[in-house]
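Residue numbers (the numbering used here): 306 to 444. A virtual CB, placed ideally from N, CA and C, is assigned to each residue, including glycine. Data block below; observations after.
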């Protein structure tokens, strides 16, 4: 168990280093992970009945840009930076609602479920990375 803890710490340090050294690539990777479950929910939306994955990615880049604008504006008005990120993540519901045509409650539910699914995928990737580290060490 101690070996697993050490490898888990090593993987967390590597993920943190990846986030700090390549923030754009890190966030783009998270965007792809988030887009997988989101596509399953929004592919049959009323406004875009035949939504393709590439179209959803373009919409998410638009949404990501809106989140950046929200963060800049809220930070400009003196809102604390950590609180801004939390609010900005919730504000991504606005453009997704505009683009999908779903009702507010349904869009909110789908975004929350997509966040939870993306966190589960990210957790599974981290667990797999720990197991691969242990496997490679034993070879």
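Endpoints, the alpha helix (DSSP H) within which residue i is located
i: residue 310; result: 307-326
i: residue 361; result: 358-381
i: residue 408; result: Element bounds for residue 408: n/a, residue is neither H nor E.
Exposure of residue i, with buried meaning 16 or more beta-carbon neighbours within 10 Å
i: residue 372; result: buried
i: residue 359; result: exposed
i: residue 275; result: Nothing can be reported for residue 275, as the shown portion of the chain is limited to 306 through 444.
i: residue 381; result: exposed
i: residue 378; result: exposed
i: residue 361; result: buried
Assigned secondary structure, residue i (DSSP; H/G/I helix, E/B strand, else coil)
i: residue 350; result: coil
i: residue 418; result: helix
i: residue 444; result: coil
Same chain only: Cβ atoms within 7 Å of residue i, ignoring 5 sequence neighbours per side
i: residue 313; result: 435
Neighbourhood of residue i by C-beta distance below 6 Å, restricted to the same chain and skipping five residues each side
i: residue 413; result: 398
i: residue 415; result: 346
i: residue 408; result: none
Residue i versus the options, residue with shortest Cα-Cα distance
i: residue 402; options: 365, 429 and 380; result: 365
i: residue 369; options: 427, 354, 357 and 334; result: 334
i: residue 363; options: 429, 343, 307 and 328; result: 343
i: residue 336; options: 320, 431 and 427; result: 427
i: residue 411; options: 321, 349, 326 and 311; result: 349
Own chain partners of residue i with C-beta closer than 8 Å, once the 5 adjacent residues on each side are dropped
i: residue 324; result: 331
i: residue 316; result: 431, 434, 435 and 438
i: residue 339; result: 365, 419, 420 and 423
i: residue 352; result: 404, 405 and 406
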